[in-house]
Each structure stands twice: as C-alpha cells, then as structure tokens.
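*Asks:* Just passing along the structure, written as structure tokens.
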Amino acid sequence: MKRKVRKAVFPAAGLGTRFLPATKAQPKEMLPLVDKPLIQYAVEEAVNSGIENIIIVTGRGKNAIEDHFDVSFELEKILEERGQQELLDVVRRVSDLIHISYVRQKEALGLGHAILMTREMVGDEPFAVLLGDDIIDAPIPCLRQMLDVYDQFQGCLVAIQEIPKESISNYGVISGSPVVYGGRDDRLYRVEDLVEKPPAEAAPSNLAIIGRYILEPEIFDVLAATPAGRGGEIQLTDGLRGLLSRQRPVYGWRFDGKRFDAGSKFGFLTATVEFALKRPDLSEAFRQYLKTLRLD
Numbered sequence: 021m022k023r024k025v026r027k028a029v030f031p032a033a034g035l036g037t038r039f040l041p042a043t044k045a046q047p048k049e050m051l052p053l054v055d056k057p058l059i060q061y062a063v064e065e066a067v068n069s070g071i072e073n074i075i076i077v078t079g080r081g082k083n084a085i086e087d088h089f090d091v092s093f094e095l096e097k098i099l100e101e102r103g104q105q106e107l108l109d110v111v112r113r114v115s116d117l118i119h120i121s122y123v124r125q126k127e128a129l130g131l132g133h134a135i136l137m138t139r140e141m142v143g144d145e146p147f148a149v150l151l152g153d154d155i156i157d158a159p160i161p162c163l164r165q166m167l168d169v170y171d172q173f174q175g176c177l178v179a180i181q182e183i184p185k186e187s188i189s190n191y192g193v194i195s196g197s198p199v200v201y202g203g204r205d206d207r208l209y210r211v212e213d214l215v216e217k218p219p220a221e222a223a224p225s226n227l228a229i230i231g232r233y234i235l236e237p238e239i240f241d242v243l244a245a246t247p248a249g250r251g252g253e254i255q256l257t258d259g260l261r262g263l264l265s266r267q268r269p270v271y272g273w274r275f276d277g278k279r280f281d282a283g284s285k286f287g288f289l290t291a292t293v294e295f296a297l298k299r300p301d302l303s304e305a306f307r308q309y310l311k312t313l314r315l316d
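Next up, the structure:
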C-alpha cells in the first residue's frame, strides 16, 4: 500500500545574499511578509495540508528560526501580565503549530545536499520538500493539491509553473508529456527530462520547477551518488534525473494558485503589497494610500 506523506523538509541554510545587508545578521527566512516571517507561510501551508512533522535544515546564524517556533516564556508572561490576550494567542499559535526538528548543514552545498542531510530523520518513507521563499497563495494549499495527486500516481512529484522565456534560465525546467487527471490533460505531466537553469534558447519547455516536491526515499541513494554540479553544489534536479535513469517515474503538477518569488526583491515587494491588500485590518487604509501615489 502507498505510504502516507507525514514529514516535510524545509531547507533553510542558504546565505540569502540577494537581500544583503538585511540578511547579514538575520536569516532570509525570517524577513517579515506583512507581519509573519517568510518561513511561517510555508510551515502553515504544510500544516494545512496534513503534514505531521517538519524538519528544518539550518546553518550558521539561523538560530532565529528555532527561536521563532519555540516557546517564549518571558514574552508570554509579559503579554499575559499586560492583559494583551490577542497578541498572546498569536505568539502561542506559532509555537503550537507543529512538531519541528532541526538538522545542520555545515556547508551550503546545494539543495540536494541539504535534503541528504535529513536522511536519518526522514527514514524510509516518502516526504515533502518546501522552499520557504516560494510563497503560494491558493484556495487549496499547493502541497495539499500535490498530496492528492500523489495518492493516485506512483513516483516523485514536482510543482511546475509556466514561466516567460526571458526568465526561464533562472529555474530547473522539465520536458514531459501530459497525463489525464481530473478530466484534464493540462495539469499533470509525466517528466521525461529535467534541466537545471538552461539558456532560454535551449530550454526544453516553459514549465519551470517551483519550490514544492514530494519525494520517494530512494532519492537519498541517488543524491549520495550524485556528483557536484554547477557551483560545486549537489543539485536536486540532477538527483531527479538520476531517478529517471533508473526508470523511476517523476511527475510535474501545474498547481492552482499564485506564486510569489519572495527570494527576489521584486517578488518580495509584490507579495507584501498583495498580502497586505488581502488583510481585513489593513486593506482599506492601504488601498487608499496606494491611490494617493503618483506613478509617473
């Protein structure tokens, strides 16, 4: 019988160089999107998708992530003494979200290497991977959509999105053939090949891999045998190609939802504006402010 996906891995050991100097002394994953750090959005997506355990891969200078999801006795005591029950509930909700474990990646050697660091914690079962700087706003959480697909199809699954040709070289890209799912043939693809950050003219399609994955435990053996690629890093894309060479199926799911690349400054700004406009306590005042701007 197909095993349930219970665990999710969050690689968070990167240096966050695109946000320097803001990330010199704080993790990129802790940058606030309105009033929640980036990583909390992805953790909440995992929780709302039915995940039971989370493993966060951290590195040097990432202690703030652990502190954020831990109990803060001093802060809770102060809020309780001041009678600020609403804020106290907000703080407690974060620490009560889900059980979280941590593993260190001593060197930033790529996404594939970060996932390999979780091998003992994940064990011999399928698991999800979420990249915290890909924020996906969807009526049904992106990961929940993927878990529903995974229930029906054997093999690894990656989230994909159509990307303009001029931006495709920033992504891993798939080539594949459509598979009928839910009465449609434009959402699910059987992957035939994957290429990491190809030049636009050499890209096999406009379907780019986005930061959501469901992986079978066999990926660990493949990653352990995968040589370092571009930049001296072990790429997950190369590991997935290794699975294909072993005749293991890999699928791509074109998810329903709006994705923000919050790992880039422009994507972070657009996400901030759109999430603020969705907030009942902010939307009206913020909308009126935006109307006052002269955008010449």
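Using the working numbering, read the sequence shown as starting at 21 and increasing by one per residue.
Backbone N, C-alpha and C fix where the C-beta goes; we use that ideal spot for every residue, glycine too.
(1) Please state if the CB of Ile120 and the CB of Ile155 are separated by a distance shorter than 9 Å.
(2) Hey, which unbroken runs of the beta strand (DSSP E) at 3 residues or more fall wholly within the region 115–171?
(3) Excluding sequence positions up to five away, which residues of its chain have a Cβ less than 6 Å from the Cβ of Leu151?
(4) Determine the burial state of Gln172: buried for a count of at least 16 other Cβ atoms within 10 Å of its Cβ, exposed for fewer.
(5) Pop quiz: Lys22 and Gly36 are said to be a contact at Cβ under 8 Å. What is the actual Cβ separation, rounded to whole angstroms?
(6) Just the Cα atoms here: how many angstroms apart are Leu227 and Asp116?
(7) Can you tell me where the beta strand (DSSP E) holding Tyr201 begins and where it ends?
(8) Could you work out which residue in Val149, Phe39, Arg113 and Arg38 is closest to Tyr233 when comparing CA atoms only?
(9) By the 10 Å Cβ neighbour count, where 16 or more other Cβ atoms means buried, how is Ala291 classified, buried or exposed?
(10) Looking at the unbroken alpha helix (DSSP H) that takes in Thr78, where does it start and where does it end?
(11) Restricting to runs no shorter than 3 residues, where is the beta strand (DSSP E) found entirely within the region 206–281?
(12) How about Phe30 and Val77: are their beta carbons less than 9 Å apart?
(13) State the start and end residues of the unbroken alpha helix (DSSP H) segment that holds Gln308.
(14) So what's Leu95 in DSSP terms, helix, strand or just coil?
(15) Within the continuous beta strand (DSSP E) that includes Val29, where are the two ends?
(16) Whose CA, out of Ile135, Val142, Lys82 and Arg113, lies closest to the CA of Ala244?
*Replies:* This is what the structure holds:
(1) In this structure, Ile120 does not lie closer than 9 Å to Ile155 by Cβ.
(2) Segments of the beta strand (DSSP E) lying fully in the region 115–171: 119–124, 147–150 and 154–157.
(3) Apart from sequence neighbours up to five positions away, the residues of its chain that approach Leu151 with a beta-carbon distance below 6 Å are Gly231, ordered along the chain.
(4) Gln172 is exposed by the Cβ-count criterion.
(5) Going by Cβ atoms, the distance from Lys22 to Gly36 rounds to 37 Å, so no, they are not a contact pair.
(6) C-alpha of Leu227 to C-alpha of Asp116: approximately 37 Å in a straight line.
(7) It spans Gly192 to Tyr201 - the beta strand (DSSP E) in which Tyr201 sits, taken as one unbroken run.
(8) Tyr233 has its Cα closest to that of Val149, out of Val149, Phe39, Arg113 and Arg38.
(9) By the beta-carbon neighbour count (other beta carbons within 10 angstroms, threshold 16), Ala291 is buried.
(10) That residue, Thr78, is in no alpha helix (DSSP H); its beta strand (DSSP E) goes Asn73 to Thr78.
(11) Here the runs fully enclosed are 227–235, 270–274 and 278–281.
(12) Yes, these two residues count as a Cβ contact at 9 Å.
(13) Unbroken alpha helix (DSSP H) run through Gln308: Ser303 to Thr312.
(14) The answer is helix: DSSP assigns Leu95 an H, G or I state.
(15) Taken as a continuous stretch (DSSP letters only), the beta strand (DSSP E) holding Val29 covers Lys27 to Pro31.
(16) Comparing Cα-Cα distances from Ala244 to each of Ile135, Val142, Lys82 and Arg113, the minimum goes to Ile135.
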